[in-house]
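Colleague:
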Amino acid sequence: PKPDYSVSVNKSSKTVFVSVDSGDRVKIRLCYENRASHCAEIIPPRLVSQMVDFNITYMLPCVCVEAFYDYLDARRHKKCPFKNGSLTDFDDVLRASRVLLYRSQVTWTSKCPNSKLNVSASLCWKQHPHLCIPVINSTLEKKDGPTLVFNTSTVDKHPQMCVQFSTQGRHNISCLFKDILSSWETHIGPGRRSISVFVTSSSPAKFSAQLCLLTEGECTPTGPVHSVTMGELDTEKRINVPVQVPAEKPCVQVWQSSPALNGRRILCPDYTHSRWGVCAAAAFTFLTAVILFVFFIHRVIKKGAAGWLTIQKPLLVVCSSDASTHVSAVCALASLLQGELGATVHTALWAQTSQRPAGGRSGVADLGPLPWLYGQWDAVRKAQGRVLVVWSLEAKRTYQKWREERENMRNDERKNEDSRKANGAHKKISKKVDANLKLNARKVKCKKEKAVIEFWEDDDRYSQKERSAVTEPVFVAALASLEEALRGCNAQEVAIVYFQGLSHSRDIPKALRGVPRYCLPQDFSGLIQELGEVRTGPKTGESGGHCWPKLLCKVLSVWLARQLAQRLQTQLPQTQRQKGEEWSLTSSVSPTENKHKVPPAPGPADALQQELLQGSPWRAERL
């Protein structure tokens with residue numbers, strides 16, 4: 001009897017599973033069926049009773065499984081799972097074969113019968129380790145048998161000439177002529193619209209060359225064939241192959257045409273050097289463009305931004321505190337706007353002196369804080385300029401006190417109005433009331449001036465800290481003008497700025513939240529782009545002409561923001577220390593002592609503040 005069993009194969013893992021149907025002990029082995037009655041053993045038999053698996057190196061069509069009982073002369077039951085053509089990958093067939101070169105022939109031996117494999121052999125040229133270009137019309141003559149024999153007597157034996165074995169669409173390459181010395185050599189060189197082929201030979205022969213176009217799998221011949229004959233005394237001959245049609249990768253195939261040898265050598269120019277040359281030229285061009293761009297930006301920065309980014313409309317900068325840190329920061333901002341951007345900046349810090357050039361308009365000392373502020377505000381508004389109110393912690397307290405004064409004035413007006421209505425029947429009293437109403441009307445007409453003046457008549461405010469006679473009145477007048485602008489929906493005329501570290505956005509009252517605000521120096525770039533304009537040349541009508549000015553404006557605004565940050569960093573640390581000393585001294589001295597104390601000697605921060613207060617280093621302040 002023969003044992004019954006079933007066979008299954010996992011092709012991905014190259015594993016054969018054998019399952020015995022009966023529970024008897026059975027021997028199972030793998031073998032190669034190279035003849036009808038003979039099966040060459042692959043793995044020694046295993047004694048199993050149920051199931052066993054085998055891992056094989058090569059999955060060939062002739063792999064079979066034999067099963068037989070464990071006693072002498074037991075009948076064998078053979079199954080070949082790939083005999084019905086289920087094997088589609090023949091790579092293992094070529095890899096498991098054996099190839100030998102013997103004189104003028106190549107032998108090919110397989111573990112399976114050759115008659116069922118239909119193996120052929122042809123030549124290919126090893127262009128590089130991962131590419132062997134097939135040579136057209138180079139199939140080798142074959143002699144069938146248990147071992148296939150291919151004739152190589154007429155093959156051009158060269159280390160780069162290889163043999164490609166093929167079966168069922170699969171290929172395997174063997175380079176068998178590596179140790180053989182070729183009878184002739186060739187190389188190529190560049191020519192004018194051509195490729196020059198140089199041939200040397202140890203024996204007389206005729207050589208031919210033809211242009212071909214290299215693709216992924218082959219080199220397709222094109223154009224006429226050019227030939228040259230080498231004599232016994234010739235050492236080198238040249239073949240000129242014209243390149244008439246521009247091609248991406250033109251190559252030349254060269255062969256010995258008489259006496260004819262099978263095989264063509266494919267020579268291609270070194271395109272790697274050409275690609276490196278193109279890359280080098282592109283890198284040089286890019287580097288040159290970068291250097292020119294950096295040089296251009298350097299010239300722009302060195303020359304100053306006034307030639308490109310300008311603020312043509314006037315600016316009114318209102319200071320809200322006498323603290324040295326705040327004054328230094330405001331002066332740094334005003335100086336940068338005027339010096340770097342060419343802006344006409346008006347600020348009370350620069351206009352406190354009455355000394356002015358001939359023909360110049362009156363300053364704060366001549367007109368007084370309130371008329372000066374209202375005049376500047378109206379002038380900037382008519383010129384469509386902007387008012388920059390620099391906010392601070394002290395500004396928040398001043399705003400709250402100013403709002404209280406305004407509420408008190410409104411309460412007084414309502415009381416006077418009620419008194420006029422209650423006494424309207426009496427003429428004599430009416431005349432008095434009318435006189436009072438006229439007086440109140442005059443008060444209402446100049447209520448902003450009265451609110452500012454009355455705000456500073458409180459002696460308790462001066463007892464806490466000695467204040468400037470200019471900064472706070474100007475700031476309160478600016479608050480009154482700002483309130484009027486908000487009622488007229490003209491908030492775009494004003495912007496509130498505050499310095500990082502000196503104030504915060506939460507210090508700005510809710511009533512003023514509708515006014516644009518900027519935190520400096522981090523929002524300085526946005527402020528510049530809001531105020532400035534880019535000077536450009538004549539319009540060319542090209543759609544891309546506006547890109548460069550916008551890019552330049554962005555670069556310059558970022559650079560100016562860094563400039564302001566550097567100025568603030570050099571000025572604020574000194575003044576911050578002085579500010580802490582001033583507040584500690586003020587809190588430790590009584591109000592009576594404050595009135596009679598001797599002012600301290602000016603320190604470095606005071607000297608810097610006084611220098612900035614004298615005026616802009618670029619241009620004197622004018623109204």
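Residue numbering for the sequence shown follows full-length UniProt numbering, starting at 1 and increasing by one per position. For glycine and all other residues, C-beta sits at the position ideal for the given N, C-alpha and C.
Short check: CB of Tyr399 to CB of Ala477, under 8 Å?
Modeller: no
Colleague: If the criterion is Cβ atoms closer than 8 Å, does the pair Leu211 and Lys249 meet it?
Modeller: In this structure, Lys249 does not lie closer than 8 Å to Leu211 by Cβ.
Colleague: Would a C-beta distance cut-off of 8 Å place Val364 and Ser320 closer than the cut-off?
Modeller: no
Colleague: Reducing DSSP to helix, strand and coil, say where Ser354 ends up.
Modeller: No answer about Ser354 holds up, because its pLDDT of 46 lies below 50 and its placement is not dependable.
Colleague: Three-state secondary structure (DSSP) at Trp391?
Modeller: In this structure, Trp391 counts as coil in the three-state DSSP scheme.
Colleague: Which value, in whole angstroms, describes the spacing of the CA atoms of Arg397 and Val294?
Modeller: 48 Å
Colleague: Could you give the DSSP three-state label for Cys319: helix, strand or coil?
Modeller: coil
Colleague: Report the partner residues of Lys143 according to the DSSP bridge assignment.
Modeller: Val149
Colleague: Assign Met51 to buried or exposed, taking buried as 16 or more other Cβ atoms, counted over all protein chains shown, within 10 Å of its Cβ.
Modeller: exposed
Colleague: Work out the CA separation of Leu341 and Glu493 for me, nearest whole Å.
Modeller: 19 Å
Colleague: So for Ala379, helix, strand or coil by DSSP?
Modeller: helix
Colleague: Is Trp372 near Leu316, with beta carbons less than 8 Å apart?
Modeller: Their beta carbons are not under 8 Å apart, which means Trp372 does not touch Leu316 by this criterion.
Colleague: Return the Cβ separation of Val199 and Lys143 in integer angstroms, given the expectation that the two are a contact with Cβ distance under 8 Å.
Modeller: In fact, because the Cβ distance is near 33 Å, the residues do not count as touching under 8 Å.
Colleague: Give me the residue from Val241, Val26, Trp391 and Ile42 with the minimum Cα distance to Gly501.
Modeller: Trp391
Colleague: For the beta strand (DSSP E) holding Arg192, just list the boundary residues, first then last.
Modeller: Taken as a continuous stretch (DSSP letters only), Arg192 belongs to no beta strand (DSSP E), as it is neither H nor E.
Colleague: DSSP has Val294 in a bridge; who is on the other side?
Modeller: Answer by DSSP bridge pairing: none, since Val294 is not bridged.
Colleague: Would you grab the beta carbon distance between residue 656 and Pro44 for me? Rounded to a whole angstrom, and I think it's under 8 Å.
Modeller: Given that the chain is displayed from residue 1 to residue 623, the structure contains no residue 656 and the question cannot be resolved.
Colleague: With a CB to CB cut of under 6 Å and the five nearest residues on each side skipped, what residues in its chain are close to Val9?
Modeller: Val16 and Pro81
Colleague: Suppose you measure from the CA of Ile133 to the CA of Gly217; what does that come to, to the nearest Å?
Modeller: 6 Å
Colleague: I think Val135 touches Ile188, with their Cβ atoms under 8 Å apart; what is that distance to the nearest whole Å?
Modeller: Not confirmed; about 18 Å, so no contact.
Colleague: When DSSP builds the beta bridges, which residues end up paired with Leu131?
Modeller: His128
Colleague: Excluding five sequence neighbours on each side, which residues of the same chain lie with their C-beta closer than 8 Å to the C-beta of Thr154?
Modeller: The residues are Ala260, Leu261 and Asn262.
Colleague: Once the 5 residues before and after His171 are set aside, which same chain residues still bring their CB inside 8 Å of it?
Modeller: Leu94, Gln164 and Phe165
Colleague: Counting only C-beta atoms, is Phe54 closer than 8 Å to chain B at any point?
Modeller: Among the protein chains of the structure shown there is no chain B, as only one such chain exists.
Colleague: Does DSSP classify Phe68 as helix, strand or coil?
Modeller: strand
Colleague: Spatial neighbours of Leu117 within its chain, please: C-beta separation below 7 Å, excluding the five flanking residues on both sides.
Modeller: Result list for Leu117: Val93, Ser110 and Thr167, in chain order.
Colleague: Helix, strand or coil for Met409? Go by DSSP, reduced to three states.
Modeller: Note: Met409 maps to helix in three-state DSSP.
Colleague: Roughly how far, in whole angstroms, is the beta-carbon of Ser22 from the beta-carbon of Ser6, given that I think they are within contact range, below 8 Å?
Modeller: Their Cβ separation, rounded to whole angstroms, is 12 Å, which puts Ser22 and Ser6 out of contact at 8 Å.
Colleague: Quick one: measure Cβ to Cβ for Leu474 and Pro369, integer angstroms, because I've assumed they're closer than 8 Å.
Modeller: Reading the sequence as shown, one finds Val at residue 474 and not Leu. Indeed they touch by this definition, with Cβ atoms about 5 Å apart.
Colleague: Taking all protein chains shown into account, do 16 or more other C-beta atoms lie within 10 angstroms of the C-beta of Pro347, making it buried, or fewer, making it exposed?
Modeller: With the sequence shown as reference, residue 347 is identified as Thr, and Pro is not the correct amino acid for it. Per the 10 Å Cβ criterion, buried.
Colleague: Would you call the CB atoms of Trp125 and Ile266 closer than 8 Å?
Modeller: yes
Colleague: Inspect the CB distances between the segment 98 to 108 and the segment 220 to 233 and report whether three or more fall short of 8 Å.
Modeller: no
Colleague: If you reduce the DSSP assignment to three classes, tell me which class His346 lands in.
Modeller: strand
Colleague: Applying the criterion that 16 or more other CB atoms from any shown protein chain within 10 Å of the CB defines a buried residue, is Cys64 buried or exposed?
Modeller: buried
Colleague: Would DSSP call Val228 helix, strand or coil?
Modeller: In the structure shown, Val228 sits in a strand (DSSP, three-state: E or B).
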